[in-house]
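Remember, my numbering sits 19 above the position in the sequence shown when you count from 1.
Comments concern the structure below.
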Amino acid sequence: MWIRRKQRNAIGRIVTCHPTEGERYYLRLLLMNVRAPKSYQDFLTFNGEYCTTFRESAEKRGLLLCDNNLTECMSEAATYRMPSSL
Numbered sequence: 020m021w022i023r024r025k026q027r028n029a030i031g032r033i034v035t036c037h038p039t040e041g042e043r044y045y046l047r048l049l050l051m052n053v054r055a056p057k058s059y060q061d062f063l064t065f066n067g068e069y070c071t072t073f074r075e076s077a078e079k080r081g082l083l084l085c086d087n088n089l090t091e092c093m094s095e096a097a098t099y100r101m102p103s104s105l
């Protein structure tokens with residue numbers, strides 16, 4: 020169950036995430052692109068269809084069609100991570 024924050028709009032943050040991290044990466048994509056989610060079901064539902072994974076939901080939303088996500092991932096990693104982790 021989600022509880023609305025009293026002071027700010029942010030619920031939590033996933034600063035960087037590598038595409039090989041699987042569902043965590045796809046959850047981050049959805050967090051960045053889905054507006055005003057109320058629960059995890061909002062991330063997993065698209066056009067009335069329930070998806071079983073965050074990846075499936077991201078695919079149906081068209082978030083994986085281009086390489087912009089990978090470019091953004093690398094630029095964020097260059098900003099927030101240590102050189103040894105790149």
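Beta carbons are placed, not taken as given, at the ideal position from N, Cα and C, and that holds for glycine.
Beta-carbon proximity list for residue i, same chain, < 7 Å, skipping 5 on both sides
i	result
Tyr45	Phe73, Arg74, Ala77
Identity of the residues DSSP links to residue i by a beta bridge
i	result
Glu68	Phe65
Separation of residue j from residue i, as counted between CA atoms
i	j	result
Pro56	Leu82	17 Å
Thr126	Gly67	In the structure as shown, the chain begins at 20 and stops at 105. Residue 126 is therefore absent and cannot be evaluated.
Thr35	Leu84	20 Å
Thr64	Cys70	6 Å
Lys79	Ser94	25 Å
Thr90	Glu40	16 Å
Asn52	Pro38	16 Å
Contact set for residue i: own chain, Cβ-Cβ below 6 Å, skip 5 residues either direction
i	result
Glu42	Phe73
Cβ-based neighbour list, residue i, same chain, cut-off 8 Å, excluding 5 preceding and 5 following
i	result
Gln60	Tyr69
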